[in-house]
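Visitor: Here the protein sequences come in this chain order: D and U. Be aware that the first sequence starts at 379, since it is given in my numbering, and climbs by one per residue. Be aware that the second sequence starts at 379, since it is given in my numbering, and climbs by one per residue.
2 protein chains.
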Amino acid sequence: MEREAGVLQPAELKVEFSGCPVKASLDVLGHKWALLVLRNIGLYHVQRFNDMLRITPGLTKRVLAMRLRELEREGFIQAVERGPRYTRWGLTEKGEDALPILMTLVRFGSKWYADEVFADKRSRTLGDVFQISYIRQILGRLPA
Amino acid sequence: MEREAGVLQPAELKVEFSGCPVKASLDVLGHKWALLVLRNIGLYHVQRFNDMLRITPGLTKRVLAMRLRELEREGFIQAVERGPRYTRWGLTEKGEDALPILMTLVRFGSKWYADEVFADKRSRTLGDVFQISYIRQILGRLPA
DNA sequence: GCCGAAGGTATCCTAAGTAAACCATATGAG
DNA sequence: CTCATATGGTTTACTTAGGATACCTTCGGC
Numbered sequence: 379m380e381r382e383a384g385v386l387q388p389a390e391l392k393v394e395f396s397g398c399p400v401k402a403s404l405d406v407l408g409h410k411w412a413l414l415v416l417r418n419i420g421l422y423h424v425q426r427f428n429d430m431l432r433i434t435p436g437l438t439k440r441v442l443a444m445r446l447r448e449l450e451r452e453g454f455i456q457a458v459e460r461g462p463r464y465t466r467w468g469l470t471e472k473g474e475d476a477l478p479i480l481m482t483l484v485r486f487g488s489k490w491y492a493d494e495v496f497a498d499k500r501s502r503t504l505g506d507v508f509q510i511s512y513i514r515q516i517l518g519r520l521p522a
Numbered sequence: 379m380e381r382e383a384g385v386l387q388p389a390e391l392k393v394e395f396s397g398c399p400v401k402a403s404l405d406v407l408g409h410k411w412a413l414l415v416l417r418n419i420g421l422y423h424v425q426r427f428n429d430m431l432r433i434t435p436g437l438t439k440r441v442l443a444m445r446l447r448e449l450e451r452e453g454f455i456q457a458v459e460r461g462p463r464y465t466r467w468g469l470t471e472k473g474e475d476a477l478p479i480l481m482t483l484v485r486f487g488s489k490w491y492a493d494e495v496f497a498d499k500r501s502r503t504l505g506d507v508f509q510i511s512y513i514r515q516i517l518g519r520l521p522a
């Protein structure tokens with residue numbers, strides 16, 4: 379009989395979980411469009427409401443407004459500039475720490491969904507996609 | 379004015395996207411419970427239907443059945459053993475390639491949601507959580 | 001003053017996910 | 001052999017998250 383998730387302890391695990399860090403992370407980032415909004419800000423440097431709408435096919439104003447408020451409330455993003463004309467969003471430290479998740483998603487998608495990602499439909503490695511210095515900057519020196 | 383997502387090209391990007399690899403990856407993995415089912419199989423080595431239900435609070439039979447079929451159809455998992463009593467699920471090569479995503483989620487959750495992940499509520503690094511050899515085995519030598 | 005763009009809300013509708021009951025097959029205990 | 005229990009589901013009904021669309025206010029340019 380299996381044990382509870384919080385008490386699971388495969389051989390590779392050095393600690394005992396009382397909850398699951400994957401589940402915890404997904405409580406916020408698992409909502410639809412959340413990771414793509416983070417991608418817009420952190421990876422594409424698109425900081426404004428209507429610009430995000432424009433570059434994110436399928437995303438609606440209503441949901442974007444919800445995700446921005448949620449990500450702000452949960453400490454992933456903050457207003458870099460809040461004017462009457464527009465607000466520019468940037469990542470907090472917590473948001474920056476979520477970039478490695480996006481990196482692994484880029485890596486996965488570039489390998490397995492090359493047909494919809496690249497015009498020539500050829501798989502690519504992370505090193506093919508980003509400058510090495512940038513990859514190091516984001517992924518840092520794992521496992522830290 | 380911003381360009382389309384597929385034509386975006388920040389300084390760090392070496393290639394031009396025609397679609398977004400993050401978006402593509404999330405088409406399957408973005409569905410609720412999908413990453414947690416993958417976690418059950420790939421990280422926790424829990425391979426059977428009712429075992430997954432037991433260790434995954436909130437997940438229902440109906441959704442689990444849907445996610446298993448979807449993950450199988452999309453090539454993330456396969457039946458390791460399909461008997462009359464039960465089926466044991468394992469990762470395909472594609473599923474294994476998704477483990478780095480789970481790793482970064484573990485890393486993120488262990489740092490930012492330590493209060494719900496660890497009994498002592500103290501943040502931990504990936505190196506605190508997994509054996510180094512295991513981290514290397516999964517994350518490999520990035521950026522490849 | 002008029003127009004368009006930015007950044008939203010309000011209203012309604014659909015699809016995804018949740019809850020709970022039901023069910024067939026297969027042991028396992030007696 | 002028979003009964004109880006577990007496994008791995010499906011069915012039906014319900015709730016909620018998200019999609020579509022219309023509307024609205026503020027600002028700046030002309």
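For glycine and all other residues, C-beta sits at the position ideal for the given N, C-alpha and C.
Could you give the first and the last residue of the continuous alpha helix (DSSP H) run that contains alanine 412 of chain U?
Guide: 412-420
Visitor: List the residues of chain D that tyrosine 422 of chain U touches, going by C-beta distances under 7 Å, in chain order.
Guide: Leu386, Pro388
Visitor: So, for glycine 518 of chain D: in the same chain, excluding its five sequence neighbours on each side, which residues have a beta-carbon less than 6 Å away from its beta-carbon?
Guide: none
Visitor: Leaving aside the five residues before and after serine 488 of chain D along the sequence, list all residues of the same chain whose C-beta is less than 8 Å from its C-beta, in chain order.
Guide: Val495, Phe496, Ser501, Arg502, Thr503, Leu504, Asp506, Val507
Visitor: Along chain U, in chain order, which residues have C-beta atoms closer than 7 Å to that of tyrosine 491 of chain D?
Guide: Pro399, Ala402, Ser403
Visitor: Which of helix, strand or coil does DSSP assign to leucine 404 of chain U?
Guide: helix
Visitor: Please confirm if valine 393 of chain U has its CB atom under 9 Å from at least one CB of chain D.
Guide: yes
Visitor: Using Cβ-Cβ distances below 7 Å, what residues of the stretch 505-519 of chain D are close to chain U?
Guide: Residues of the stretch 505-519 of chain D with a C-beta less than 7 Å from any C-beta of chain U: Gly505, Asp506, Val507, Phe508, Gln509, Ile510, Tyr512, Ile513, Leu517, listed in chain order.
Visitor: Considering only their Cβ atoms, is the gap separating leucine 404 of chain D from leucine 431 of chain U smaller than 9 Å?
Guide: no
Visitor: In chain order, what residues of the same chain lie with their CB nearer than 8 Å to the CB of valine 484 of chain U, ignoring the 5 residues before and after it?
Guide: Leu421, Leu504, Val507, Phe508
Visitor: To the nearest angstrom, report how far apart histidine 409 of chain U and leucine 477 of chain D are at their CA atoms.
Guide: 20 Å
Visitor: Residues of chain D with CB under 8 Å from glutamate 494 of chain U, in chain order?
Guide: Ser396, Gly397, Ala402
Visitor: At the 9 Å Cβ level, is phenylalanine 427 of chain U part of the contact set with chain D, yes or no?
Guide: no
Visitor: What residue range does the alpha helix (DSSP H) around glutamine 515 of chain U cover?
Guide: 510-517
Visitor: Tell me, please, whether the CB atom of lysine 355 of chain D is closer than 9 Å to any CB atom in chain U?
Guide: Because chain D in this structure spans residues 379 to 522, residue 355 of chain D falls outside the shown range and cannot be described.
Visitor: Can you tell me the Cα-Cα spacing of valine 415 of chain U and glutamine 425 of chain U, whole angstroms?
Guide: Distance between the alpha carbons of valine 415 of chain U and glutamine 425 of chain U is about 9 Å.
Visitor: Helix, strand or coil: how does DSSP classify valine 393 of chain D here?
Guide: coil
Visitor: With a CB to CB cut of under 8 Å and the five nearest residues on each side skipped, what residues in its chain are close to valine 441 of chain U?
Guide: Lys410, Trp411
Visitor: Are glycine 453 of chain D and lysine 472 of chain D close, meaning C-beta to C-beta below 9 Å?
Guide: yes
Visitor: To the nearest angstrom, how far is it from the Cα of leucine 386 of chain U to the Cα of histidine 423 of chain D?
Guide: Looking at the two C-alpha atoms, the distance is approximately 10 Å.
Visitor: Does DSSP put threonine 465 of chain U in a helix, a strand or coil?
Guide: strand
Visitor: Can you check whether the C-beta of proline 462 of chain D is within less than 9 Å of a C-beta belonging to chain U?
Guide: no
Visitor: Can leucine 469 of chain D and isoleucine 455 of chain D be called in contact, C-beta distance under 9 Å?
Guide: yes
Visitor: Within the same chain, show all residues whose beta-carbon is closer than 6 Å to that of alanine 492 of chain D, passing over the 5 residues directly before and after it, in chain order.
Guide: Within the same chain, Lys499, Arg500, Ser501 come within 6 Å of alanine 492 of chain D by CB-CB distance, once the 5 residues on both sides are set aside.
Visitor: My assumption, with CB atoms under 8 Å, is that tryptophan 467 of chain U sits in contact with isoleucine 419 of chain U. Please give the rounded CB distance.
Guide: 5 Å between Cβ atoms; contact.
Visitor: Do the CB positions of glutamate 394 of chain U and tyrosine 512 of chain D come within less than 9 Å of each other?
Guide: For glutamate 394 of chain U and tyrosine 512 of chain D, no; Cβs fall outside 9 Å.
Visitor: Please report the distance separating the alpha-carbon of arginine 451 of chain U from that of tyrosine 464 of chain D.
Guide: 44 Å
Visitor: For glycine 397 of chain U, which of D:Leu520, D:Trp490, D:Leu446, D:Asp429 has the nearest alpha-carbon?
Guide: D:Trp490
Visitor: DSSP three-state label for glutamate 459 of chain U, please.
Guide: DSSP places glutamate 459 of chain U in strand when its eight states are reduced to three.
Visitor: Can you name the residues of chain U whose CB is closer than 7 Å to the CB of threonine 482 of chain D?
Guide: Pro478, Ile479, Thr482
Visitor: What is the DSSP secondary structure of glycine 453 of chain D, reduced to helix, strand or coil?
Guide: coil
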